[in-house]
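First to last, the protein sequences are chains R, W, D, E and H. Under our numbering, the residue at position 261 of the first sequence is numbered 261, and the numbers go up by one with no gaps. Under our numbering, the residue at position 139 of the second sequence is numbered 139, and the numbers go up by one with no gaps. Under our numbering, the residue at position 282 of the third sequence is numbered 282, and the numbers go up by one with no gaps. Under our numbering, the residue at position 205 of the fourth sequence is numbered 205, and the numbers go up by one with no gaps. Under our numbering, the residue at position 240 of the fifth sequence is numbered 240, and the numbers go up by one with no gaps.
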Amino acid sequence: MSVEIRGLNVTIDGKSIIRDVNMDIADGERVGLIGSSGSGKSMISRAIMGLLPTNATVSGSIRLADRQIVGASDRELADLRGRYVGMVFQNPAASLNPVMTVSRQIALPLRLHYDLTRTERLDRVQAMLDKVGLPADVATKYPHELSGGQQQRVGIATALITSPRFIIADEPTTALDSIVQRHIVDLLVSLVDDAGASMLFITHDFAVLSRAATCCYVLDNGAIAETGTTADLLDHPSTEQAVHLVSAARELSLNNATIAATSACVTGMTASRGGTEQTHTRLYDSDIRQEDGE
Amino acid sequence: KPNKQTNTTVVGTGNVAASNTADSITIGLKLTPTNLDIRTTSGSALDQVLIGNVYEGLVARDENNQVVPAIAKSWDESADGLTYTFHLNDNMTFSNGDALTAEDVSWSINQLIKNQYHDAESLNMVKSVTANDNAKTVTITLNTANSNLLWTLTGRAGLVFDKDAKYDAKTEAIGSGPYLLDKFVTNDSITFKVNPTYWGTHKAKTQTVIIKYLADDNAAVNALKSGDVQVLAPITENLAAPFTKDSEHYTVKAGDDTDKYVMAFNSKGEKTADKRVRQAIRYAINHDELIASRGGADKALGGPIPSLDPGYEDLTGLYPYDLDKAKSLMAEAGYSEDKPLQLTITYANIYGTEIGDQLRSQLAKIGIDLKVNVVEFSTWLQDVYTNKNYDISLVDHNESHDFYQWADPTYYYNYDNAEVQKLYAQAIAATDDATRDTLLAKAAKLVSEDAPADWLFNYRVTTAWANGVKGFPVNLNQTLLPLYNVTYTK
Amino acid sequence: MRFIVRRLLLFAAALFGVSVVVFVALRILPGDVASVMAGLNSPASRVDALREQFGLNRPLTVQYLDWAGGLVRGDFGTSILTGRSVTSLVAGRAAITFPLIVLGLLIAMLIGIPLGVAATLARSSWARTAFHVIALIGGAIPALWGGLLLVLLFSRGSGLIGLFPSQGFPLDGWATPVTALWSLILPALTVGIIVGASLMRYTRSALGDIAASGHIDMAMACGMTRRQAVIQVGLRLAMPQLVSVIGLTFAEMITGVMVIENLFALPGIGSGLVTDLGNRDLIAVQSELFLLAAFFLACGLLVDLLHRALDPRLASVANISEVVS
Amino acid sequence: MSESATSRQSRSQSQSAQSAAAESSAQPAATIIMRSLWQRSEGKFSLIVLGLWLIVAIVSIFWTPQPLLATDGYHVWAAPSAAHWLGTDGTGADVLSWLMAGSRTNLLIVILTVLFAAAFGMLLVAAMVTRCSALAATSVVVIDALISIPTVLLALILAVPLGASIAVIVVACGFGYGLNLARVARSAALLAARSAYVESAMAGGASGWWVFTRHIVPNIVPVLLVQLSLSAGTAVLAESGLTYLGIGVPSGVPSWGHSLATSVKFINVYPLTVLWPGLIVTVVVVALNVFGDVLRDAIDPLTNTGLRR
Amino acid sequence: MTTELTPVLTACHIDKYFGRGGARQHRKQVLFDVSVDVYPGECLAVIGGSGSGKSTLTRIMLGLESADSGTVSYNGHPLPVANLRRESGLVFQDPFSSLDPRWRVSQSVAEPLRIQRRDLSRVEIDNRACAALRTVGLDPTIFADRFPIDLSGGQAQRVAIARAIVNEPKIILADEPMSAIDVAARLQILDAFATIRETWRDMAMIIVSHDLGIVQHVADRVLVLHDGHVEEYGPTEQVLASPASDYTRQLIDAATL
Ligand SMILES: Nc1ncnc2c1ncn2[C@@H]1O[C@H](COP(=O)(O)OP(=O)(O)OP(=O)(O)O)[C@@H](O)[C@H]1O
Ligand SMILES: Nc1ncnc2c1ncn2[C@@H]1O[C@H](COP(=O)(O)OP(=O)(O)OP(=O)(O)O)[C@@H](O)[C@H]1O
Ligand SMILES: [Mg+2]
Ligand SMILES: [Mg+2]
């Protein structure tokens, strides 16, 4: 599903949050959105979903396929949301419904848009849980019983359950350690590509970005600063904002080739567990006695 | 059409009056009895509803406060005034079917004396009560003559109970009156039904009488307006205006009563022991204004005896409203507006705050700084009545024939005047009413002159009813409310 | 399970505390039932005799143990003055007060919750302002005054539109349910409107907090309209909070109801308590107070349990106060 | 409450003066707060009503249209006239004068009740957020148990030994509202007490007193303000109810509840007399409630950007 | 660093359980026999999956929580040690929750001094607070009077650091100090750390993070935790370049992509 944003402006309580944003996402395209904290990334995604705070005023145009979002009625939007457009929220703990079990939460879009029997729904939920790498017994749990990473994956499953044509993923991997993170990004990418859907991917992490998005927008203080293919942008950022972000990211990213031997090591310290233990056993005899007592 | 048919048939039977006269009537009263045990529980609310309706006395009272026959159809009094012989009616029964005999009468009075039930002290001079069942007489002999005896027997002292009946007197009542108690809801209502076995002449005219207790004045007025009650007794005079105006539908009438608003000064109080202070207060009170503010139905009262009681005499001239005199008396006693006298008036909250505010305002003019202390009745009983710890008290003494209060130095008034006590004793011992009345009047005047209290006014109860109600007593209806005659025609 | 046991133990402890406090507090009061019963013009000997008869001369501990022993056996004693068992006395009065409170609460909920939801959903600022003003003024009307205004408007007899009885309760009580219900409408409306206004404020603020949270957004992202989301998800999430508010309101309503019962001449618990206290019918008063307190504590217990049932996050936590409110 | 916030404000004001920053607008915080109160129409409304209340209360000490004590039994329930603008009551006293004088009684009641409730409530809050978990747990339970006692019951019992008096209202209401306050403020207080900034202050060796006064109290001030203003409004309402039941303001002391309770009996006959006290109470309670809301927004640096400059 | 150097802080064989109830089997063990030490002037990084016990371990090391078995000692004395609190600084994960929202920046920064250094005058305290702000690269004339709500995430985080260093601690603990902010701001903070470490050369630092880039940037040594077990422990260079354990390798591989 293609998205076309023209001259989008969002104001909240007289404060301009989004300024004259133009953005295009073609069918089947994966687009990244980066920018410093508070630059308005989440706000743009909310504008596309029609989920801006009630005190926000919007102007401009957002077209989803051939439907106008700005000024559309709540009914029309509700019909789109969850069925054709799926969204992964930035903060899973705050968005998952605390009184719904995981399976009910994931099945919600199905229940609202499709006329399926209970078992059909449950089957789909199980399949989805499997895809995001969650064990089946998670289905009957409540969100507070899950770790942050698990919660985030439940949010992703909810967004993907109806195989939407357009996916918005707002920093979907922040709470995950690098192993799970990689798995999730791959999953999103494969789902989008297999279904021919399109995706808007918001992230701070450039490694993730280059994996997830083919082209990329840089947002600065509510306005688009720069745009281009991800590879181009990461290699030759042109605007100041982009340069700033990219260089910082480059400096901070883990790079085996440039591991600097700056810091001194304590000599005699071995990197193995056994070694450490030995050292300490010798140093602190009293501790061992304490441990024996237990 | 068939409706019309039935209508004509009813009319045709000539039962016109019956078809229009209501089977039941609801009467709104104010003060609710806490229980129905008239032998142990005080309060005129019990006398009001039970005497003459459920229970009957040896003798009764009419609406002019005079003694009339009841269970006794006649009586003889010996010349020395020490022996009374009562001749009882025939074929009397209680509502449970038991026969009412002379034995029941003597048992009731003897029980009262023996168990010291409420009002027993008014029969202190009784030597014996004996019954003669065959002759259907009861004889009471006295140690000393007592001119009050017959009147006393119209009240609780003379009530006749069924010797053989067993019932919980607090929630049930079995008597020989025209009505029997159907239902009693504490704090809310009493329902009377006609007593089918009633023996006498006061046959009840309305099948069911419901007495509804309405403590809130507004609720009471609304009840009458909406037809939930047909009679309201009492109605606050100031609230009666809409009914007075609407004479097509309502009648409003004030009746005579023996309620005396007694503003007693503690005669042994630190400041009120000074007679000048007490007199000054009596001069300073503008009774007319008080009465006017209450709607104007009440009567001025200059002394302890109201017009319906023996020994009444208009004493309002003794202490006329006279601020100058009051001020000079206060000055003599050492007080002035600049150096005010601090006094506290303590009274029960049932009388409202207005009267206290008015008294405060009136007394402020003669240099009395009156503190108004409105308390619960039980607190008043404790502090004022029992402990006599007060400056000024205010109470509605609604009892009749209660002059003895002024002849009893232990009463909460702390009023002790040997002359008054002597006169009262003579009056009681008198064997003819004329002598008694003169002596009482003399004593009352002495009391009033001493100013142990100010009698603010004789409260006259205003009653309002929907037109169509007949036979509802207007006089004395807060203590005596015979309902047998009451009918309501819609 | 442990939680419930703990909570029940606390409940029992609180009941014991209440019984002691109530008993002691009432003995401080001046005046006693014997002198009230004897009234004016009785000799002191009669008052003493009555006191003896009622056992008011016994040591306080004996009196307390006597009473508390009864409580344990489920016997609340007999009112000295009315001669009725406190149980039947309270039951008769509760048959008026509780329907009144429940009706009032129902009205309050019917007014407060939909208006609260509407205020949350209202998008135009004038509509919000209107709801705000309604809530503010509704909650600020003195019960005395509001009740009488309602009487002036709707009562049979004195009102502009004669619809409801202005006072009293039918003699045969709930045997004539329609009349009985009818006579409770105006008093219930009086409390209902006032409580409803504050309930509306609570609903609005609870829903407002939730509507600003991600839960509503999530529901909407799944395909609900805003209205659906606020009603289905928002109200459900606000439910624990609303349950506590309503539970508390129950207690508060007793206050309002005392005035209302006087105003509308209803022989309920409130007006009964005032008279019994005035008459120093202490056995009745202390049992009534105890029952009331027990009832409130039970309400609190119920609210806590409901809270737990309504919020799965609490099931694993032992101490609710740590998590909610 | 406003004192603590203001003093905090002035303290930091002096700091900023020291820190040689360019001081463009050295306005006292009070001015900024007043201005932001006045800017909102609700704020304006409540300031005007409360201001009038204060002025009338003060004026009534020295002057009322008619002497307060004057009763006139011949002219009770008079309609409004030149001498009696709002007519007379059941004793013939001037209704306007009584209402004016009543304003000071009610003001006193409100102030005392709020102080009592605040002091008692803070004590309870302190108990609830203390690190001693036994005390915290019991206080939570005790509060939940006590909170269910209706104010009017407490007042009824207090009224017996004390008689109808202002003290009854203040103690009964202050007690009840203090409990309410504690309950409502609990979550905010716990949030602050369990927050990372308190944890780091404690890690740095701060005492419980320090944490409570410096961190917890300022952070519950917004809740406190709203709740206290509600309590103030409820106190006005409670006064009228309790006085009607005969356990509130003693007879002879002017108060709105007194005017309401005495005239309410005659609403059928003299409806106009009841109108005034009822209206006044309603308007004042609305103003108090609104005032709490706007004051919260005005005094809190988080919501009032004016204070942050 | 040489062998003679003694560690400032040592933790030996720490076990930690969570959960209520008496029986050990009902409780969840989150740390299994963990031993670690920190030397003066050194920066130790703790990494590992989410929920692996990183925060718990560091809290135990600062005496903010007690271990179920094992000991922690500060300068050779087993905890509790009175002056550990005075001589340590804490930087929490979420900068906004660790600053009182109703306190100005200058007040928050000065708080440790006002609590611990009663001997200092107000002016002196202010000066030190300003100095601390400058150390982390914030201009006191601009930021001293702001409230936390007016700060960006990176700024707030730096204020939190300023607060932690104002009392010149011997040891600083930073629990995921940078997860909430964007890359550019992260760099600023790392610079701030670098400045501090240059200023007080023998100050030790423990930093918890799951971002290996950052770890590589600042840490001298790394402790890898996996489900409460020590997976690997050694010099940063060595651990990242040639990890001994599979888990560490997976972590690194996933991060490099
Ligand atoms: N409900 C709201 N009311 C007013 N302002 C808001 C609201 N929500 C967000 N903002 C402001 O809008 C701006 C953009 O916020 P947004 O959440 O889009 O940032 P972001 O780019 O997603 O940042 P992050 O990377 O931290 O998620 C911020 O300055 C924020 O303060
Ligand atoms: N107070 C507590 N009560 C019970 N369990 C706890 C508590 N605190 C932490 N845990 C558990 O201990 C384990 C380790 O927690 P810890 O906070 O140390 O993890 P972490 O490594 O810091 O994770 P993250 O990267 O998510 O911050 C987790 O499984 C957590 O659920
Ligand atoms: Mg965002
Ligand atoms: Mg952690």
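Here a beta-carbon is modelled for each residue, glycine too, at the ideal position from N, C-alpha and C.
Query	Result
Pairwise C-alpha distance: E:I48 and E:L230	18 Å
C-alpha distance - R:L252 paired with H:V166, whole-angstrom precision	27 Å
Outcome for D:V5 when other beta-carbon atoms lying within 10 angstroms are tallied against a minimum of 16	exposed
DSSP three-state assignment for W:I564, whether helix, strand or coil	As displayed, chain W neither begins before 1 nor continues past 490, which places residue 564 of chain W out of reach and without an answer.
Buried versus exposed, by CB contacts within 10 Å (16 or more), W:K225	buried
Within-8 Å CB hit, H:A160 to chain R	no
Distance cut-off 7 Å: E:M202 Cβ against heavy atoms of ligand 1	no
Collapsed DSSP secondary structure at H:D246 in the structure displayed	helix
Per-residue DSSP class, three states only, for R:C215	strand
Three CB pairs or more closer than 8 Å across the segment 365-382 of chain W and the segment 340-355 of chain W	yes
Members of the segment 60-75 of chain R that neighbour chain D once the beta carbon cut-off is set at 8 Å	D74, R75
Stretch-stretch touch, CB-based, cutoff 8 Å, three pairs: the segment 153-161 of chain D with the segment 241-253 of chain D	no
Rounded Cβ spacing between W:Y321 and W:Y283 (contact assumed at less than 8 Å)	7 Å
Contacts around E:I216, its chain only, beta-carbon distance under 7 Å, and the 5 residues preceding and following it disregarded	V129, A189, A192, A193
Continuous alpha helix (DSSP H) assignments of at least 4 residues falling wholly in the segment 110-176 of chain D	125-140, 143-154
Those runs of the beta strand (DSSP E) which lie wholly inside the segment 183-209 of chain R and span at least 3 residues	198-202
Chain-ordered chain W contacts of D:P142 [CB-CB under 9 Å]	Per Cβ cutoff of 9 Å: no residues; D:P142 is ~15 Å from chain W at best.
Nearest neighbour of R:S210, chosen from R:D24, R:V31, R:L219 [CA to CA]	R:V31
R:P53 Cβ short of 7 Å to ligand 1 heavy atom set	yes
Reduced DSSP secondary structure (H/G/I, E/B, other) of W:Y319	coil
Residue environment, E:Q27, which counts as buried when at least 16 other CB atoms sit within 10 Å	exposed
Closer than 7 Å: R:Q90 CB and nearest ligand 1 heavy atom	yes
Top-ranked residue by Cα proximity to W:T41, from W:L456, W:T171, W:H118	W:H118
Identity of the residue in R:Y84, R:G82, R:T57, R:D79 nearest R:G71 by Cα	R:T57
Closer than 7 Å: R:M23 CB and nearest ligand 1 heavy atom	no
Proximity to W:Y22 [Cα-Cα], best of W:K205, W:P234, W:T130, W:L181	Going by the sequence as given, residue 22 of chain W is Ala instead of Tyr. The residue with the shortest Cα to Cα distance from W:A22 is W:K205.
H:P235 vs H:D220 beta-carbon contact at 8 Å	yes
Cβ pair W:E56, W:G175 closer than 8 Å	yes
Span separating the alpha-carbon of E:L276 from that of E:L68	Looking at the sequence itself, residue 276 of chain E is Trp, so the reference to Leu does not match. Taking the straight line joining both Cα atoms gives about 17 Å.
Contact set between the segment 123-153 of chain R and chain D, restricted to residues whose Cβ is under 7 Å from the partner	Y142, H144
Where E:K265 meets chain W, residues with beta-carbon distance less than 8 Å	D216, D217, N218, T236, L239
Cβ-heavy atom distance, R:I34 to ligand 1, below 7 Å	no
Rounded straight-line distance, which links the Cα of E:S139 to that of E:L124	7 Å
DSSP state of W:L142 mapped onto helix, strand, coil	strand
Contact list for R:A249 against chain H, beta-carbon separation under 8 Å	V183
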